[in-house]
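As C-alpha cells, the structure follows; a few thoughts come after it.
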Amino acid sequence: MKYWLRSLLREIEKEYKKLTLALARDLPDFTLDELLERVTELAEPEVNWGQPMGKEI
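Structural data, given as C-alpha cells:
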C-alpha cells in the first residue's frame, strides 16, 4: 500500500510541475505566488467529505 501511495504522489508531483510550467509559459505577467495559487485552485478536486465514495448527493 505504501508503495502505491508513493507512486501516486510522484505522479501527482509530475503533473503539478507540468501544469505550473505550462501556466508560466502562457501567463508570463503573473508572479510565482499567483501562478502557484492558480495551480492549486485548478488541482483541488471538488470533494464532499460528508458523503461515502460512490454515492451521489
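Going by numbering that gives the first Met the number 0, the first residue of the sequence shown is number 0, and it counts up by one from there.
We put the beta carbon where it would ideally sit given N, CA and C, even for glycine.
Supposed close pair residue i, residue j - CB separation, criterion 8 Å
i   : j   : result
R37 : L22 : 6 Å
L41 : L18 : 7 Å
Through-space distance from residue j to residue i, alpha-carbon basis
i   : j   : result
I11 : T30 : 23 Å
K13 : W3  : 15 Å
E33 : K16 : 15 Å
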